[in-house]
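Chemist: With positions in the sequence shown counted from 1, the corresponding number in my numbering is that position plus 32.
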Amino acid sequence: MSSFRDVMRRVITGDDAQGKSVVIIDGGPSSEIGNPDLGGLFEIWEDTASEALDPRLHDDLGTKRPVLGPRPGNVQVRWFVINPMPTGIPKADVSKAMRERFAAFDGAHHTSTNHDTRACTKLILLT
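(1) May I have the straight-line CA-CA distance separating G101 from Q108, to the nearest angstrom?
(2) Hey, how far is the Cα of D47 from the Cα of A140?
(3) Who are the Cβ neighbours of M117 in its own chain at under 6 Å, not counting the five residues just before and after it?
(4) Would you tell me roughly how many angstroms separate the C-alpha atoms of T80 and G105, rounded to the nearest one?
(5) Determine which residues share a DSSP beta bridge with R110 and list them.
(6) Below 9 Å between beta carbons: does that hold for G60 and R88?
(7) Under the assumption that T113 contacts F74 (Cβ atoms under 8 Å), give the Cβ distance between them as a whole number of angstroms.
(8) Mind checking R110: buried by the 16 CB within 10 Å criterion, or exposed?
(9) Run the CB neighbour count on I121, radius 10 Å, all protein chains shown included, and call it buried at 16 or more, exposed below.
(10) DSSP on E132, reduced to helix/strand/coil?
(11) What span of residues does the beta strand (DSSP E) with R42 cover, start to end?
(12) Among the candidates I65, S53, S127, Q50, whose CA atom is the shortest distance from the CA of V99?
Written as structure tokens, this is what we have:
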């Protein structure tokens, strides 16, 4: 079986000058923090949440460094990988590791894995 890293693929499409669909990006995440087999953030796209999308723009809008939430006024699309809690490790050690991971993507101000952001978060669970 392939690992998640091997199958992560983002395909971003747009329009060419004649209005025909074209593939802008066909590849992996724009940036990542973590290991997809253990957990982490893997960025796909970030764009404005309130303006019309322009399919003629062919810039890679995937973030270059993962952060917890989108910039103000934006929507963010990512793979957010969470694995089951490890067994046999004290809760204090797991909590410390989670705080360190959150700090690595500018989420240190969150005191738990539940967090408040300026964003509306939608999760899609893949099992």
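We put the beta carbon where it would ideally sit given N, CA and C, even for glycine.
Modeler: Judging by the given coordinates:
(1) 7 Å
(2) 39 Å
(3) none
(4) 6 Å
(5) E75
(6) no
(7) Note on identity: in this sequence residue 113 is Val, with Thr being the wrong assignment. Contact flag correct, Cβ pair sits at about 7 Å.
(8) buried
(9) exposed
(10) helix
(11) 42 to 47
(12) I65
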